[in-house]
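The listed protein sequences derive, respectively, from chains A and B.
Numbered per UniProt numbering, the first sequence spans residues 1 to 335.
Numbered per UniProt numbering, the second sequence spans residues 1 to 335.
There are 2 protein chains.
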Amino acid sequence: MTTTIKDVAREAGCSPTTVSLVLNKQENRISEETKRKVIKAAEKLNYTRNELARNLVRKKSNLIAMIVPDLINPYYTEISNHIINGFAKLGYTVMVLSTNNDVRIEDSGLEILNNGFFEGGIAVSIDFENFKNKLNPKVYEKLVVLEEVQDIMEDIHVVTTDNYKGGRLAAKYLSDMGHKRLICCTSLDKVPNHEKRLEGFGSYLHEIGVEFDDYNSILRSNLEIDGIEMFAEYVISEDVTGVFCVNDLIALGLISGLRKRGKRVPEDVSIIGYDNAYLNRFYSSDLTSVDSQIKRISRGAINILTSLLDEEKCEKINLVPPILHEGETVKRIDE
Amino acid sequence: MTTTIKDVAREAGCSPTTVSLVLNKQENRISEETKRKVIKAAEKLNYTRNELARNLVRKKSNLIAMIVPDLINPYYTEISNHIINGFAKLGYTVMVLSTNNDVRIEDSGLEILNNGFFEGGIAVSIDFENFKNKLNPKVYEKLVVLEEVQDIMEDIHVVTTDNYKGGRLAAKYLSDMGHKRLICCTSLDKVPNHEKRLEGFGSYLHEIGVEFDDYNSILRSNLEIDGIEMFAEYVISEDVTGVFCVNDLIALGLISGLRKRGKRVPEDVSIIGYDNAYLNRFYSSDLTSVDSQIKRISRGAINILTSLLDEEKCEKINLVPPILHEGETVKRIDE
DNA sequence: CTGAAAGCGCTTACAG
DNA sequence: CTGAAAGCGCTTACAG
């Protein structure tokens, strides 16, 4: 029913070998005459090569799988974009699988990584335990993870923003601007990147003697819009002056929630996000944010994975230093 | 080097057939004893099945490919999300390929669709000509396109918002609110969805006698942030009172550009978008927008594609009626 | 309850 | 310049 190389061979009056050779542009040894016949036959029969069979023998697909937790957070889509474009230039096609925080989808993702259709993988913000249990160790050799390092995965290649430093940067900036009543807003699930940011944030405040404790100063919610609005309620009721949001999406949602309640940013509350995502620029106010340098992270990931694909050695861990982007959502205050 | 079914068979002391049977849970006929041995051997050798080989013979992968133009526009990511989740429930995994408006990546996408690894495809907003030329007609039978219909693709299944009607809805609303100096903002590339929206918009205005001509009333730019800011300049210099943006991202960018220039929305300029994307809710003002009912579109796509996968007949064209979402970015004016 | 054999659609030494 | 043959790693009638 589907036309194969054999059909083309029959139509062209030659062997399957010859067809394969011609179609793979290895036709230096084939006569022009035969070449033409083959191409004509292939066109006539509407032949398209079965890549499954091809890859089975070649063990090469030029395909890379990218696993992300969701497609809502612009950070993930932006980083995907860079990686797609970067690999396109190198002749690789990247397909992205978003687990949408569903373990079953994540498992399918791991299976896909295991099954050999994709030559390499990039995983953003994953469940390390699950990976460790279900991923074939051989896959590690062609995988780069974009998330705060965990001891649990000692064999893996990592590139990520320096979350700890980023958290400290945020804390320093807010306190330099005179803020003392601070909280953090983060996700309910303990994402390693986020936790490290909080750790850095807290550590800086402790050093300079500003009150900050995990129980009262860290707010958690699902990141649906209503959870984020709950943050707004709390900020208002507790008279907080500065908020560190572990990503930009939370920051934008929080600003929106505050404004709906008659509060102004930064006049009444100062907000700082993390990532400095491109999509922020479509937003009315210029969000102050710790820039995780998405482009550099992407480039790093591409470099490492290409090295791995070429079986070259390379550094295991690659921490990209964050930079503070001073927007207009943090105000200096004096008390 | 990679362990195969043969290795497992040798280790377990049985035939490859038996291993395959056990690992595919078709073990009703296999003795408990053997079963255990096989599973143990597989674990010991860290065996993972080669899906390439498997799919080659089964012609079944439970994988669906989704092709989108970019991952920046929240409309694409939101629709992807719904489709990923919907298919997950049905046991299919969806991987998305973003062409990033690069023909070469789009071509890879078409190749992937052709190559048989994916059982079905969903394509959002594509280049019809390119599809027609390069896609194996057999793929049409398992493909649904989410974009305004083109005569060029008569064989294809389509589900999309009723763009024409949506455009008219926007025009009616703005004119009902008293606006007469209107323009549209759209992309430089002629996306079928967008063009149809403009057509609907213009047609309504013509009917009620409001001035609107394609040359002076339709602004086009690349959808980078600077292009969109150029829109803002124009709106201000021409004293426009109402703007129809063919998608929400343009609308948000435009609002941001106007505010930077000291203009207020909706006090000075009224803005209406298209899609009513979820991400809008993280934005400070509630954007007035033609709701394309992304969920219904997604559900429609899932239904049709599952029918196609089951070789059932179904309707070719599925137009989802849009609904006006009244936010707070359009103001009534009277002159 | 189990296995030998054919076949999925391709590529690639090898021989001529 | 061209082709027969083996093999990629699996599944699935078929036979026993």
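Glycine included, each C-beta is placed from N, C-alpha and C at the ideal position.
| Check | Outcome |
| --- | --- |
| Need the endpoints of the beta strand (DSSP E) that I5/B sits in, please. | That residue, I5/B, is in no beta strand (DSSP E); its alpha helix (DSSP H) goes I5 to A12. |
| Is it buried or exposed, K142/B, if we count other Cβ atoms within 10 angstroms and call 16 or more buried? | buried |
| Looking only at its own chain, which residues have a Cβ that is under 8 Å from the Cβ of L97/A, when we skip the five neighbours before and after it? | A65, M66, I67, V68, I105, S108, G109 and I112 |
| With 16 as the cutoff for other CB atoms within 10 Å, does K103/B come out buried or exposed? | In the sequence on display, residue 103/B carries Val and not Lys. Result: exposed. |
| Less than 7 Å between C-beta atoms, sequence neighbours within five positions excluded: which residues of the same chain meet that for K263/A? | I236 and V269 |
| Give the secondary structure of S284/B by DSSP, where H, G and I count as helix, E and B as strand, and everything else as coil. | coil |
| Closest by CA to L135/A, which one among Y234/B, R49/B and S298/B? | R49/B |
| Terminal residues of the continuous beta strand (DSSP E) containing S98/A? | T93 to S98 |
| Using CA coordinates, which residue listed in M230/A, E195/A, L21/A and G166/A is at the minimum distance from residue 345/A? | Not covered by the structure: residue 345/A. The range shown for chain A is 1 to 335. |
| Measuring only between beta-carbons, confirm whether F231/B sits less than 8 Å from chain A. | no |
| Indicate whether G86/B and S298/B have their beta-carbon atoms separated by less than 8 Å. | yes |
| Just grab the DSSP bridge partners of F87/B for me. | BP columns for F87/B are empty, so no partner. |
| Return the CA-CA distance between D176/B and E195/B, expressed in angstroms with no decimal places. | 23 Å |
| Evaluate contact between the segment 279-297 of chain B and the segment 238-256 of chain A, counting only Cβ atoms and requiring at least three cross-stretch pairs below 8 Å. | yes |
| Just to confirm, is the Cβ distance from residue 340/B to V144/B under 8 Å? | Nothing can be reported for residue 340/B: it is not among the residues displayed for chain B, which extend from 1 to 335. |
| Taking C275/B as part of the beta strand (DSSP E), name the residues at either end of that continuous run. | The question names Cys, but residue 275/B is Asp in the sequence shown. Run containing D275/B: S270 to D275, per the beta strand (DSSP E) assignment. |
| Quick check on S221/B: does DSSP put it in helix, strand or coil? | strand |
| If the cut-off is 7 Å on Cβ atoms, which residues from the segment 247-268 of chain A count as contacting chain B, listed in chain order? | L249, L252, G253, I255, S256 and R259 |
| Could you name the residues that DSSP lists as bridge partners for M177/B? | In DSSP, M177/B forms no bridge with anything. |
| In whole angstroms, what is the alpha-carbon distance linking V159/B and I152/B? | 16 Å |
| Please report the residue range of the beta strand (DSSP E) in which F244/B lies. | G242 to C245 |
| L309/B and E119/B - do their beta-carbons sit closer together than 8 Å? | yes |
| Can you list, in chain order, the residues of the segment 106-118 of chain A whose Cβ is nearer than 9 Å to any Cβ on chain B? | S108, G109, E111, I112, N114, N115, G116 and F117 |
| May I ask you to report which of helix, strand or coil DSSP gives G200/B? | helix |
| Measuring CA to CA, which of P266/A, K59/A and A53/A is closest to V57/B? | A53/A |
| Is I126/B closer than 8 Å to I83/B when the C-beta atoms are compared? | no |
| Find the nearest neighbour of I218/B within the set E267/B, Y204/B and L188/B, judged by alpha-carbon distance. | L188/B |
| Run down chain A in chain order and give the residues with a C-beta less than 7 Å from the C-beta of K60/B. | Correct list: empty, because the minimum Cβ distance to chain A is about 11 Å. |
| Tell me, to the nearest whole angstrom, how far the beta carbon of I255/B is from that of I272/B; I am working on the premise that it is less than 8 Å. | Contact doesn't hold; Cβ gap of about 11 Å is too wide. |
| Based on the DSSP secondary-structure assignment, which residues constitute the bridge partners of H157/A? | V144/A |
| DSSP puts T186/B in a beta bridge; with which residues? | R220/B |
| Using a beta-carbon distance below 8 Å, is Y283/A in contact with chain B? | yes |
| Taking Cβ positions only, does L71/B come closer than 8 Å to chain A? | yes |
| Assign G242/B to one of two classes, buried (16 or more other C-beta atoms within 10 Å of its C-beta) or exposed (fewer than that). | buried |
| Around the Cβ of D155/A, are there at least 16 other Cβ atoms within 10 angstroms (buried) or fewer (exposed)? | exposed |
| So M153/B contacts chain A; which residues on that side make the cut at Cβ distance below 7 Å? | Correct list: empty, because the minimum Cβ distance to chain A is about 17 Å. |
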